[in-house]
Every structure is written in C-alpha cells, then in structure tokens.
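**Q** Going letter by letter, the sequence shown gives residues 1 to 141 in full-length UniProt numbering. Heads up, the beta-carbon is just placed ideally off N, CA and C, and yes, glycines get one too. Below is a structure I'd like to ask you about.
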Amino acid sequence: MGCSEQTAINALAHHLPPALQGSVPLLCRPRGAAGGSLQCNASIDLIGTCWPRSAVGQLVVLPCPEYINGVRYNTTNNGYRECLTNGSWAARVNYSQCQEILDEERKSKLHYRIAVIINYLGHCVSLGALLLAFVLFMRLR
C-alpha cells in the first residue's frame with residue numbers, strides 16, 4: 001500500500017487507543033533518515049494528505065486531495081509542500097491550485113448572484129449616463 005491508500009487508515013489510527021495504534025501499519029509515520037543524511041520525514045498534514053520522505057530543499061508535488069473538509073475537489077491539479085533545509089516540512093501546504101467542484105445547486109445559486117450583480121451594474125451605468133445626458137442638456141440649453 002502507498003501513502004495515498006494509507007490516508008484513511010492513518011486518519012482512523014489517531015482515534016484508536018494508544019495500545020492499538022502500534023498495530024496499524026502506518027506507512028506515513030515519521031522514521032529516521034536513511035544513511036544519516038538530512039531529510040524531511042514522511043508525514044500527514046491537517047487535511048490528511050500523506051507527504052512522503054524527501055530530501056532537503058525539495059518541493060514535493062502531490063495531486064489535490066479528493067475531499068478537503070467535506071468538500072469535493074478536482075484531483076487533476078496539485079498541492080505543494082517544501083522540505084526545508086533544516087529537515088522539517090514547511091508549516092503551510094500550498095493547495096491554491098486545488099479547485100472546488102461545485103454541485104449543480106451551488107452552481108445555479110452562484111450564477112444567479114452573478115446575474116443580479118451584472119443587472120445592478122447595468123442599471124447603475126445606465127442611470128449615470130442618463131444623469132450625464134441630463135446635465136449636458138441643461139447646460140447647453
């Protein structure tokens with residue numbers, strides 16, 4: 001099993017009693033660096049993404065998680081995390097390219113709000129043009 005397959009097991013393992021946690025094979029548990037070289041240990045971030053062990057200074061790229069906080073995301077984009085030169089992971093994971101997949105109801109509500117905003121903007125521009133025409137008409141009379 002790879003890290004991506006272990007995410008659910010790892011998330012559940014944290015809820016087990018301490019005596020049972022050791023019996024679950026957690027591939028993403030931090031381990032010492034091989035050969036004494038400085039590395040970032042494998043770890044799981046707050047969202048549940050398993051970041052594999054990597055060399056210092058490396059930018060690790062993984063597909064976006066399928067779900068973040070119960071919301072479905074597009075997995076064709078990537079998240080990024082940097083392994084710092086001191087052998088620790090950057091505190092913040094860059095999920096900025098991960099895009100939310102909107103369901104039809106949320107899409108229609110969003111489209112309705114956008115249409116209302118465009119409607120109001122159109123009325124404001126029209127009213128502004130009308131006022132400008134009125135002022136010009138009164139001055140040039």
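(1) Can you tell which of 66, 47, 132 and 128 has its C-alpha closest to the C-alpha of residue 102?
(2) Let me make sure I understand the geometry here. Which of 111, 98 and 123 has the alpha-carbon closest to that of residue 69?
(3) What are the partner residues of residue 105, as DSSP defines its beta bridges?
(4) Taking all protein chains shown into account, do 16 or more other C-beta atoms lie within 10 angstroms of the C-beta of residue 79, making it buried, or fewer, making it exposed?
(5) DSSP puts residue 66 in a beta bridge; with which residues?
(6) Distance check for residue 106 and residue 39, CA to CA, integer angstroms please.
(7) For residue 53, report the span of its beta strand (DSSP E) as first-last.
**A** Looking at the atomic coordinates:
(1) 66
(2) 98
(3) Partner(s): none; residue 105 has no beta bridge.
(4) buried
(5) None, per the DSSP bridge assignment.
(6) 43 Å
(7) Element bounds for residue 53: n/a, residue is neither H nor E.
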